[in-house]
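Residue numbers (this note's numbering): 37 to 278. Ideal Cβ positions, reconstructed from N, Cα and C, are used throughout, including at glycine. Notes follow the structure.
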Amino acid sequence: MYPRFCVYPFTSQPSADTLSSVRRIFWLAWRDLVLELRGRTGILSAVFFLAVMLFILAMAFGPNPQDLQRAGPGVLWVALAFAGSLLAGRAFGLEVEDGTLDDLLLTPGSREWIYFGKLLFQFALLLLVGHALLALTAGLFYLPTQNWKWYVLTLVLGSLGYAAISTFYAGMLARLRGREVLLPLLLFPLVIPVVLAAVRFTQGLAQGVPVTELLDWLRLLLVFDVIYVTLCALVFPYMLEG
């Protein structure tokens with residue numbers, strides 16, 4: 037069972053009626069993040085696996101800095117996509133293992149807050165892994181660092197879009213056997229627009245294209261984020277009832 041300090045605050049005093057949905061969202065995300073970082077197994081294994089993958093790909097593309105720089109953005113987002121699929125099951129994995137998913141569903145009020153709490157948790161995990169992968173990719177693939185803030189902004193928007201879909205499907209498949217296999221199959225087709233827009237923007241930055249000529253890709257990424265988060269939040273409560 038969860039440690040005492042991580043129990044749901046909305047199941048004790050003060051009562052659930054006195055707590056806002058925003059507070060529930062942050063408490064749920066914080067509890068999951070603390071437990072994930074305390075265990076460390078999932079996130080460390082993902083980072084180690086992806087770091088090895090980046091190193092192998094850097095060796096495969098050869099010593100030519102231009103070739104490495106050209107391949108770097110694609111490699112970065114492929115690695116992030118793998119990271120998202122590896123970490124997606126963590127959103128509801130602890131709930132299923134400890135039998136606390138029903139406790140969440142029995143909490144009074146609308147269930148959208150469950151989705152947003154898990155989304156915030158997934159988003160935080162992807163950002164942690166993503167920053168580590170971005171630093172490794174910049175070093176191995178000679179990515180220019182003068183536009184570092186734009187790389188980080190793309191990472192934030194791309195991680196949000198990916199987390200929106202992965203959280204939704206993780207909740208839908210939480211009680212099913214073989215969810216680790218089904219989740220990537222359902223996830224990857226829907227995140228292609230997010231990954232494509234992020235790759236094109238990052239690739240333009242790496243090649244020295246002015247940011248003003250790349251903003252359309254960033255706007256497209258933002259549009260997909262808004263659409264995915266909105267639709268998933270609206271459908272999520274009905275999916276849980278089914």
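- Query: Run through DSSP, which three-state label would S56 get?
  - Reply: S56: coil per DSSP, three-state reduction.
- Using a Cβ-Cβ cut-off of 8 angstroms, state whether G110 counts as contacting chain D. Within the model displayed, chain D is absent; a lone protein chain is all it includes.
- Query: Excluding the five sequence neighbours on either side, which residues of its own chain have a C-beta within less than 8 angstroms of the C-beta of I92, listed in chain order?
  - Reply: Sequence-distant Cβ neighbours of I92 in its own chain, meaning closer than 8 angstroms and more than five residues away, do not exist here.
- Message: Between which residues of its own chain and G240 is the CB-CB distance below 6 angstroms, once the five residues before and five after are set aside?
- Response: Cβ within range, chain order: L250.
- Report the option in L170, Q158 and F152 whose CA atom is closest to the CA atom of I79. Selected option, being the one with the closest Cα: Q158.
- Using beta-carbon positions only, say whether V227 and I201 come within less than 8 angstroms of one another. Taking 8 angstroms as the Cβ cut-off, V227 and I201 qualify as a contacting pair.
- Residue closest to R126, alpha-carbon to alpha-carbon, out of S57, L155, V88 and M95: Distance from the Cα of R126 is smallest, within the candidate group S57, L155, V88 and M95, for L155.
- By how many angstroms is the C-alpha of G108 removed from the C-alpha of Q58? In the sequence as presented, Gln is not what sits at residue 58; that position holds Val. C-alpha separation (whole angstroms): 38 angstroms.
- Item | Three-state secondary structure (DSSP) of Y178 | Y178: coil per DSSP, three-state reduction.
- Task: Check S146 in the structure and name its three-state DSSP category.
- Result: S146 sits in coil when the DSSP states are folded into three classes, being neither helix nor strand.
- Item | Same chain, Cβ closer than 7 angstroms to A82, neighbours up to 5 away in sequence not counted | Excluding sequence neighbours, A82 sits near A119, L122, L123 and V165.
- Count the other CB atoms, across all protein chains shown, that sit within 10 Å of the CB of G197; report buried if there are 16 or more and exposed otherwise. Looking at its Cβ environment, which holds 16 or more other Cβ atoms inside 10 Å, G197 is buried.
- Query: If you count every other CB in all the chains shown that lies within 10 Å of the CB of G214, and 16 or more means buried, which is it?
  - Reply: A residue is called buried once 16 or more other Cβ atoms fall within 10 Å of its Cβ, and G214, having fewer, is exposed.
- Query: Which term fits W184, buried or exposed, when burial requires 16 or more other beta carbons within 10 angstroms of its beta carbon?
  - Reply: Exposed, by the Cβ-count rule.
- Task: May I ask which residues mark the beginning and end of the alpha helix (DSSP H) holding L212?
- Result: Note, L212: premise wrong, no alpha helix (DSSP H); not H, not E.
- Item | C-alpha gap between A206 and L86, whole angstroms | Roughly 21 angstroms separates the two Cα atoms.
- Contact between the segment 57-72 and the segment 92-104: three or more CB pairs below 8 angstroms? By the C-beta criterion, the segment 57-72 is judged not to be in contact with the segment 92-104, since fewer than 3 inter-stretch pairs fall below 8 angstroms.
- Between which two residues does the alpha helix (DSSP H) carrying P101 extend? Per DSSP, the unbroken alpha helix (DSSP H) holding P101 starts and ends at P101 to A124.
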